[in-house]
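First to last, the sequence lines map onto chains Y and F.
Take the first sequence: its position 102, counted from the start at 1, is 102 in the numbering used here, and no numbers get skipped.
Take the second sequence: its position 170, counted from the start at 1, is 306 in the numbering used here, and no numbers get skipped.
The beta carbon of each residue, even a glycine, is placed where N, CA and C say it ideally should be.
All of these numbers come straight from a predicted model, not from anything done at the bench.
Heads up: the structure comes next, in structure tokens.
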Amino acid sequence: MSHKTRVVIAKPGLDGHDRGARVIARALRDAGMEVIYTGLRQTPEQIVAAALQEDADVIGLSILSGAHMHICPRVMTLLAEQGLSDVLVVVGGIIPDVDIPKLQEMGVRGIFLPGTPMQDIVNFIEQHARPRVGAA
Amino acid sequence: MKTAPPSAPRPGRADPRGSWTTISGRPIAPVYTPADITGLDYDRDLGNPGQFPYTRGIHASGYAGKPWTMRQFAGFGTPEETNARYRQLLAEGGTGLSVAFDLPTLMGRDPDHVLSLGEVGKCGVNVASLADMEALFRGIDLGAVTTSMTINSPAPMIFAMYLVLAERQGADWRMLSGTIQNDILKEFIAQKEYIYPPRPSMRLITDIFSFCAAEVPKWNTISVSGYHIREAGATAAQELAFTLRDGIEYVQYGIDAGLDVDAFAPRISFFFNAHSDFFEEIAKYRAARRIWARVMRDRFKAQNPRSWQLRFHAQTAGVSLTAQQPYNNVVRTALQALAPVLAGGQSLHTNSLDEALALPTAEAATLALRTQQIIACETGVVDVVDPLGGSYFVETLTRDLEGEALAYFDTIDRMGGMVEAIERGYPQKEIAESAYRFQQAVEQHDKVIVGVNEFGGGSDTTIGTLYIDETAGATQLARLEQLKSTRDATLVARSLDRLKETATGSGNTMPALLDAVRAYATVGEMCDALRDVWGEYEEIPVI
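Take a look at the structure:
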């Protein structure tokens, strides 16, 4: 079993603007993580199923369309139902200030707004992802 | 852990004498001289404005004859809310309308579809049926305004709604003017708002070419778009190359569908990004005109000079806007807007300062329009056509960008065309590579973004932003339910059956779509009918 942190990067909702998701996926891979990119238009059910199947430590959601207050609660509920509450959930995209505390309250740990350096996201995940069995 | 370099003021390039590059990573020299343009032949390569190959512009008189159209892209919430914004923009001196649709509309889904949850009215206005189209343009005479509609996969359905509304207002289709984006290739390449596989998608486009040539002759049937390709991370040369190669693909498919090139090519328009690297952008637009003129005359043997002339809309670079220090975006946008004006663009959208945070407020949208008006009326830059023509630097950049684009054409031609290149993921991979390289350059401070990776000091500015709540979604759901209970269901079903039949055969889909619209079939129903026949495209995700 690899000791590498396993990250599912997903793009929920109808939006197709995947530049951010793909750049981050590549940055995390270059930082030594195992990255699974789900592709576009994934439902919360598909994302959580991917996380379960891939034994993910982290789920990264890229949301630019304003649908985050519908998508995130659903993802958090499904994770809890699957006993995956220790999976670190982070969101990147355009998130209005007023929604940030609401997302944090439902368990989204990292919220990265436009202009965030890739290295900050790498560092955050390294610090907060659950340690893998056998990892140093 | 890597430590960030100190945040002291610096010129922004690692080695000022050795590695100046444009924002696209193109190396540039400190000075350009006549030696750089010795091969340039004025008559062959430039020509006066209004003369082949139109490098210097398509009109002899530049903006003296006809200023550019100030066309501000707008749409949010319900059709009524957006209608109010349009009336405001027209009252303030905007000269054309530009419709931003929400994601459900762009993806051909009705508000009651599961994937529309939380998306209705968020990124644009929701238009599900002719009833919504009627509300969107209430009090606006479609015979008197020109309207651009940013719609791609469901372009035929939305265009059919516009035509039926115009018909009911008493406007003559033959006099209607405006644009539908209708550019599916860049959706596969960059923005990813596709529904059907490439080949049936191309058929819908050639159906519109031939329908409009006969029925709506002044309509711009396609806006071949580099904007989204650039926003996805392409360099200036890639934007130029992939956009024009898409244009070539559309012309080829039109000819292959049996159309005479001069019957549809004059209604093809283009849409480019106005990014931050000033001279590179100016060179890009000039190179685009030269390449297109030669392609249309020499490759496609078009006879009508209007087929040779590349007309373009430009929009300032959304991707350059920063959430940090948002007022800086006003300055960025003004400088970016200057480039297409100096290069003779036909219409322009300037972004609002708050668009890295949300859709623009009414105040921010007004300021963006004022930015164009200041350029047009106060700076004097509009008085002389192609004022930078002959600049050693600009002509060198124009030639170099042209050369890079032609090299890309060769590669794509060897693959069999753009549809084949897209199916192999070629342009997608090229763009992803450029996007990652640029992000690394920003992280390494090789490229400076003021207020983000340099000059981040000072107090945080917060600005008021537009917050779109869930009421639009609820309103549109209720309206859809009401529509479905009042329209003639038999008529709808019959029109959808006829649409499927047409799609299964080889007839033009537009007449069947117009009948479905008249029966108040919804966008989702019409798109589903074609999904049943053609299936849906699915991209293989790669990183």
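- Residue pairing by DSSP places M206(F) opposite L484(F) in a beta bridge.
- Nearest to A171(F) by C-alpha distance, out of S527(F), A479(F), K583(F), Y190(F), is S527(F).
- Cβ contact annotation for L176(F) (same chain, cutoff 8 angstroms, sequence separation greater than five): L182, E531, R535, in chain order.
- Between P240(F) and E674(F), the alpha-carbon positions lie close to 17 angstroms from each other.
- Residue contact check for R29(Y) against chain F: a CB pair falls below 9 angstroms.
- A residue is called buried when at least 16 other Cβ atoms come within 10 angstroms of its Cβ; R426(F) meets this threshold and is buried.
- In the assembly as shown, D382(F) is a buried residue. Its beta-carbon has 16 or more other beta-carbons within 10 Å.
- Residue nearest to A410(F) within the set A470(F), P462(F), Y389(F) is A470(F) (criterion: CA-CA distance).
- For chain Y, none of the residues of the segment 212 to 232 of chain F brings a beta carbon within less than 7 angstroms of one of its beta carbons.
- In summary, the residues of the segment 588 to 613 of chain F whose CB is separated from some CB of chain Y by less than 8 angstroms are V588, N589, T598, T601, Y603, I604, in the order they occur in the chain.
- Residue burial is scored here from C-beta neighbours: S642(F) has fewer than 16 other C-beta atoms within 10 angstroms and is therefore classed as exposed.
- Residue state for V98(Y) is assigned as helix, using DSSP reduced to three classes.
- Among the residues of the segment 346 to 372 of chain F, those with a Cβ less than 8 angstroms away from any Cβ of chain Y are E367, A368, G369, in the order of the chain.
- If you look at R573(F), you'll find it in the alpha helix (DSSP H) that goes 562 to 579.
- Of all residues in the segment 567 to 580 of chain F, those with a C-beta nearer than 7 angstroms to a C-beta of chain Y are A568, A571, Y572, Q575, E579, reading in chain order.
- Listed in chain order, the non-local C-beta contacts of F545(F) below 8 angstroms within the same chain comprise A377, L380, R381, I384, local neighbours out to five positions each way being set aside.
- E417(F) sits buried, since 16 or more C-beta atoms from the chains shown fall within 10 Å of its C-beta.
- Residues of chain F whose Cβ lies closer than 8 angstroms to the Cβ of T77(Y) do not exist; the shortest such Cβ separation is about 14 angstroms.
- Legend: CB atoms of the segment 15 to 45 of chain Y lying less than 8 angstroms from CB atoms of chain F belong to residues D15, G16, H17, D18, R19, R22, V23, A25, R26, A27, R29, V35, Y37, T38, G39, L40, R41, T43.
- The beta carbon of L113(Y) falls within 9 angstroms of a beta carbon belonging to chain F, placing the residue at that interface.
- Counting only Cβ-Cβ distances below 7 angstroms, S65(Y) has contacts in chain F at L239, E255, K258, C259, in chain order.
- Listed along chain Y, the residues sitting closer than 8 angstroms to K328(F) by beta-carbon distance are G16, H17, D18, L40.
- Around the C-beta of H17(Y), 16 or more other C-beta atoms lie within 10 Å, and the residue is accordingly described as buried.
- Closer than 9 angstroms to the CB of Q460(F) there is at least one CB belonging to chain Y.
- Chain-ordered, the chain Y residues with CB closer than 7 angstroms to the CB of M243(F) read L14.
- The beta carbon of D55(Y) does not come within 9 angstroms of any beta carbon belonging to chain F, so the residue lies off that interface.
- Distance from the CA of M311(F) to the CA of L649(F), rounded to the nearest whole angstrom, comes to 21 angstroms.
- Among the residues facing chain F, P101(Y) is not included, as its CB has no counterpart in that chain under 9 angstroms away.
- By the rule that beta-carbons nearer than 9 angstroms mark a contact, A492(F) touches chain Y.
- At a cut-off of 9 angstroms between C-beta atoms, E499(F) does not count as an interface residue with respect to chain Y.
- Against chain F, the beta carbon of H3(Y) has no neighbour under 9 angstroms; the closest one sits roughly 19 angstroms away.
- Residue contact check for V250(F) against chain Y: a CB pair falls below 9 angstroms.
- Beta-bridge partners assigned by DSSP to E590(F): V586(F).
- Closest in C-alpha terms to R6(Y), from the list A50(Y), V122(Y), V35(Y), comes V35(Y).
- In the three-state DSSP reduction, S456(F) falls in the helix class (H, G or I).
- As far as DSSP is concerned, N318(F) takes part in no beta bridge.
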